[in-house]
Structures are given as C-alpha cells and as structure tokens.
Amino acid sequence: MINKINVADCLVIIGLVTALVLAIFYDQNELAMSIASGLLGYIGGNIKTATTKKEDIMNDKSN
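Just so we're aligned, residue 1 is where the sequence shown starts under this note's numbering, counting upward by one.
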C-alpha cells in the first residue's frame, strides 16, 4: 500500500495542522480559514500528483 513516506510532505502537513490549531485556539478565524484551505489544497495536489506518478511508473514497467 504505502511504498515510501515523503518526509518533506509530512513536515509541511504537521506544520500547517499545528498552525491551524493555534489559529483556532487564539480565535483568529480568518487565519484559520486561510490555513485550512491551503492545507486542503496542498493535500489534494499531492494526492493527484502521487497518483499520476504511480500510473506513469506502472505504464513504464508494462512496456
């Protein structure tokens, strides 16, 4: 299932989640919404990129 864990992506996600929790804790609603949308976009982009790369690798192996 999981071949490799990308350390850089994990650090970015942990940092954004930490910033989101702190923004919510300090009642910074606008900042929390911005961080949350950025986090969702980052995760969505990485999933799409990882899926595309995996498909390319599988196609190269079959040829």
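By construction, the Cβ of each residue, glycine as well, lies at the ideal position given by its N, Cα and C atoms. Keep in mind that this is a model prediction, so the values were computed, not measured.
Under the three-state DSSP convention, the category residue i falls into
i          : result
residue 42 : helix
residue 4  : coil
Residue interval of the alpha helix (DSSP H) (run including residue i)
i          : result
residue 27 : No alpha helix (DSSP H) contains residue 27, which DSSP labels as neither H nor E.
Residue i to residue j span [Cα, whole Å]
i          : j          : result
residue 23 : residue 4  : 31 Å
residue 46 : residue 10 : 11 Å
residue 30 : residue 59 : 44 Å
residue 18 : residue 51 : 26 Å
CB contact flag (residue i, residue j, <8 Å)
i          : j          : result
residue 32 : residue 16 : no
For residue i, the nearest candidate out of the options (CA to CA)
i          : options          : result
residue 40 : 6, 14 and 26     : 14
residue 38 : 8, 12, 28 and 61 : 12
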